[in-house]
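Since the structure comes first, as structure tokens, the remarks are kept for the end.
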Amino acid sequence: MLTHHRSQPADPARLVVIGSGGFVGGAIVERAQAVGIKVHGVSGKRLDLTQPGAGEALAAELQPDDCVVVVSAKAPARDAASLGVNIRMIEAVCDALTRRPVDHVLYISTDAVYPASEAVVYEHSPAAPDNPHGAMHVAREQILKVHHKGPLALLRPSLMYGIKDPHNGYGPNRFRRAAAEGKDIVLFGEGEEQRDNVDVNDLAELAVLCARHRSDGILNVATGRSVSFREVAELVVRLSGREVPVKGTPRQNPVTHRHFDPTVRLKAFPDFRPVALEEGLARVQQAMNEGK
Amino acid sequence: MTRPVIGYCGMTHLGINSAAGAAQRGFDTLCFDPDPALISRLVKGELPVTEPDLDRLWAENAPRLSFSADLTDLARCDVVYVAPDVPTDDRGGSDLSGLAALLDQVEPALRADAVLVVLSQVPPGFTRARGRARGPLHYQVETLIFGRAIERAVHPERFIVGCADPAQPLPPALAAYLGGFGCPILSMRLESAELCKIAINMCLVAQVSVANTMAELCEHLGADWAEVIPALKLDKRIGAFAYLAPGLGIAGGNLERDLATVCRMAEAKGTDSRVVQAWISNSGHRRDWPLRVIHQEVLARRRAPVLAVLGLAYKQDTHSIKNSPSLAFINALGPDVTIRAFDPVVPASAAGHPGVVQADSALEACRGADALVVMTPWGQFRDLVAADIAAALAGRVVLDPYAVLDRAACVAAGLAYHTLGVPALGCEEIA
């Protein structure tokens with residue numbers, strides 16, 4: 004499901020990261036710069052994609068041999084208003100790509116494009132979202148295909164974690180903050196749901212690999228190993244070195260699991276090794292301890 | 014009537030083995046192919062296909078075998094089978110142009126009373142649409158199995174014959190020929206016979222898919238699928254000969270072709286084929302079991318590893334590499350992996366990976382390797398001694414999806430043993 008259009012990997016002429024100031028965009032910028040790729044960042048502070056004329060302004064910054072990474076989003080999209088904001092943003096990006104076509108586009112999507120009922124996810128699993136956030140990303144994926152005719156890689160990450168993640172979503176980020184504040188870690192039910200937790204730096208690495216290979220198609224970004232939320236919570240507590248209770252609550256919703264089959268990634272990037280959860284969370288804890 | 018003279022047109026795996034079977038049953042058999050060079054090689058006994066007992070039967074039945082690239086020789090045949098290969102593309106679609114072309118050549122050369130039988134696999138409707146200007150035209154289902162072709166050609170379980178009008182008796186020459194094998198003869202309409210082969214393969218795929226699905230669960234639940242199989246086979250509804258050994262998905266080309274055919278027919282006719290699509294998906298998933306395990310156990314821990322890979326053919330006792338799981342595995346490995354490969358028939362050069370090296374023997378392949386992967390269950394690999402493997406390997410990991418090796422002996426020899434249908438054994442933390 005992922006095809007490389009470069010038989011031998013090579014740095015793109017330039018990596019343009021739209022959303023460079025965000026958690027994910029920033030990680031991609033950092034990784035690309037670390038391996039010597041020339042990066043041009045477009046942050047929301049500098050160019051508001053929801054404003055009139057944004058497409059034209061963005062087009063003026065693009066060059067034909069660019070690899071453009073589209074990260075920028077208002078996440079999560081929970082209602083009509085936030086859905087509309089995200090559609091206006093991608094409209095501006097598509098306007099820019101139409102005015103100034105580029106060589107290659109990477110789109111940072113989400114595994115929320117897959118319905119919750121899909122317990123084992125493959126790249127060929129149908130993108131049939133049952134939530135507005137996933138629907139937003141599917142719509143953006145589809146509209147990019149209309150406005151960009153060259154190679155397009157859709158990266159769909161699982162639950163991400165990292166020291167700079169501003170979101171407090173249920174999972175490693177919320178758990179570590181609770182532990183740091185000495186507050187109880189509260190689980191839905193007994194935390195039985197299994198999820199694949201991905202270090203944001205793995206996403207950044209895979210984005211850079213896709214850029215270097217001029218990849219086209221779909222790539223789920225996941226380690227291939229899912230663990231329960233309870234297991235994550237207990238790991239976070241152990242790493243924090245604090246006595247923090249992990250508490251279950253009466254279950255409100257049925258247990259759903261999500262596992263990812265890593266085979267497409269193994270074949271596309273056989274030398275890539277995802278960060279193991281314990282190692283990744285240990286690094287995050289270390290960064291927290293250092294006040295980062 | 015005197016024994017009919019049988020002709021086989023198209024000296025393919027099907028044609029050659031079927032001709033050998035006919036001759037073994039005492040029938041004078043003409044082997045026809047429009048390629049004179051191929052005919053010349055066959056005359057010398059240089060067979061382009063490998064099957065157990067084929068060489069011996071070919072030599073023993075020489076007095077009953079004749080060869081020709083001259084169409085006029087077909088005039089002495091009473092029953093003529095047309096059996097060219099029908100190539101399939103990557104999506105399982107069949108190219109029938111070669112079959113049609115051969116029929117165009119052969120048909121005018123036959124006597125009007127000679128029976129023409131299409132033996133190559135065709136989609137339902139092909140034979141009736143094709144028709145024949147003069148003389149009887151039938152379809153017959155071929156049931157050869159790669160690696161067991163001679164057994165199946167000489168001792169068929171039954172003949173399945175498609176007829177324009179199944180209410181009519183079979184032509185005497187065809188009835189006499191088929192009767193010479195002593196097995197049931199099932200006559201049916203042409204379309205039913207053409208679908209029969211596909212239906213047989215769908216039943217086999219269903220069994221294999223159940224085995225693969227349940228075996229994968231066993232690997233995660235602590236069960237052993239090998240313990241479950243005998244219990245299933247003693248259930249008469251499932252049967253003693255049910256196809257329940259877990260494997261690395263469907264390969265060889267024929268089953269994949271039929272799966273694609275069913276999906277296409279269902280799409281065209283608006284019938285439900287979602288279960289078939291699930292089988293196809295499951296096959297792809299299981300095919301990659303070795304890749305996932307080798308990444309987890311070796312590649313995640315070591316850069317530039319050396320792997321010993323035994324077996325390159327898609328199954329044992331054949332030269333065919335069509336959709337071979339072994340080649341798919343090798344070609345998915347990164348360029349920094351060295352693969353020491355050995356197959357009794359297929360050369361290592363068949364694999365396209367830059368790191369493949371030809372080993373002279375199975376044990377030689379193991380020498381200094383970080384892991385052993387047994388990808389084709391050739392019988393000779395069963396003779397490998399676990400202690401010898403352990404001594405030859407630099408690492409401890411063994412992937413043996415088809416359980417060719419002695420599991421207990423491997424564990425006793427200190428190997429970390431991975432196979433289908435049971436959790437990994439002997440897998441303490443590997444440094």
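From first to last, the protein sequence lines stand for chains A and B.
Take any residue in the first sequence, note its place counting from 1, add 3, and you have its number in my numbering.
Take any residue in the second sequence, note its place counting from 1, add 13, and you have its number in my numbering.
Ideal Cβ positions, reconstructed from N, Cα and C, are used throughout, including at glycine.
Every value quoted in this text rests on a predicted model; they were computed, and no experiment measured them.
- Counting along the chain, Pro160 (chain A) sits inside the beta strand (DSSP E) bounded by residues 155-160.
- Judged by their CB atoms, Thr389 (chain B) and Gly368 (chain B) are not nearer to each other than the 8 Å cut-off.
- The DSSP-derived three-state label of Thr389 (chain B) is coil.
- Comparing alpha carbon positions, the residue from B:Arg305, B:Ala421, B:Ser296, B:Ala321 closest to Ser337 (chain B) is B:Ser296.
- Within chain A, the residues placing a beta-carbon under 7 Å from that of Ala313 (chain B) are Arg276, ordered along the chain.
- Between the beta-carbon of Ala382 (chain B) and that of Ala407 (chain B) there is about 6 Å, and that keeps the pair under the 8 Å contact cut.
- Note that the stretch 54-73 of chain B does not touch the stretch 130-138 of chain B; fewer than 3 beta-carbon pairs, one per stretch, sit closer than 8 Å.
- Interface residue (Cβ-Cβ distance to chain A less than 8 Å): Leu304 (chain B) is classified as such.
- In this structure, Ala363 (chain B) lies away from Phe394 (chain B), with their beta-carbon atoms at least 8 Å apart.
- Gly144 (chain B) is classed as exposed because its beta carbon has fewer than 16 other beta carbons within 10 Å across all chains shown.
- Residue B:Val411 holds the alpha-carbon nearest to the alpha-carbon of Ala378 (chain B) among B:Gly365, B:Val411, B:Arg171.
- Using beta-carbon distances, Thr266 (chain A) counts as an interface residue toward chain B, with a partner under 8 Å.
- Using a Cβ-Cβ cut-off of 8 Å, Gly347 (chain B) counts as an interface residue toward chain A, since at least one Cβ of chain A sits closer than that to its own.
- Judged by DSSP in its simplified three-state form, Thr6 (chain A) adopts strand.
- What Asp301 (chain B) touches in chain A, judged by beta-carbon distance under 9 Å, is Asp264, Thr266, Leu269, Lys270, going in chain order.
- Remark: C-beta atoms of Leu203 (chain B) and Ala96 (chain B) do not approach each other more closely than 8 Å.
- Cβ-Cβ distances below 6 Å link Leu217 (chain B) to Tyr256 in the same chain, with the five nearest sequence neighbours on each side left out; the list follows chain order.
- Around the Cβ of Arg34 (chain A), a 10 Å sphere holds 16 or more other Cβ atoms; the residue is buried.
- Sixteen is the threshold: when 16 or more other Cβ atoms of the shown chains lie within 10 Å of the Cβ of Val108 (chain A), as they do, the residue is buried.
- With respect to Asn74 (chain B), Ala125 (chain B) sits apart: the two C-beta atoms are not nearer than 8 Å.
- Taking the Cα positions, Asp98 (chain A) is about 13 Å away from Gln54 (chain A).
- The shortest C-alpha to C-alpha distance from Ala162 (chain B) to any of B:Ala35, B:Pro185, B:Leu87, B:Asn30 is the one to B:Asn30.
- Against chain B, the beta carbon of Pro129 (chain A) has no neighbour under 7 Å; the closest one sits roughly 11 Å away.
- For Pro273 (chain A), at least one C-beta of chain B is nearer than 8 Å to its own C-beta.
- Scanning A:Ile21, A:His260, A:Gly47 for the CA closest to the CA of Glu196 (chain A) turns up A:His260.
- Between Ser161 (chain A) and Val224 (chain A) a beta carbon distance of about 7 Å is seen, short of the 8 Å cut, so the two are scored as contacting.
- At least one beta carbon of chain A lies nearer than 8 Å to the beta carbon of His298 (chain B).
- At least one CB atom of chain A sits nearer than 8 Å to the CB of His308 (chain B).
- The continuous alpha helix (DSSP H) containing Val119 (chain B) extends over residues 110-119.
- Between the stretch 245-260 of chain B and the stretch 419-430 of chain B there are fewer than three inter-stretch CB-CB distances shorter than 8 Å, so the stretches are not counted as touching.
- In the displayed model, Gly58 (chain A) falls within a helix according to three-state DSSP.
- For Gly220 (chain A), the three-state secondary structure derived from DSSP is strand.
- Within the DSSP bridge table, the entry for Thr53 (chain A) names no partner.
- Taking the C-beta atoms as reference points, Val275 (chain B) is found no nearer than 8 Å to Met227 (chain B).
- For Ala416 (chain B), the secondary structure class from DSSP, reduced to helix, strand or coil, is coil.
- The DSSP-derived three-state label of Lys186 (chain A) is coil.
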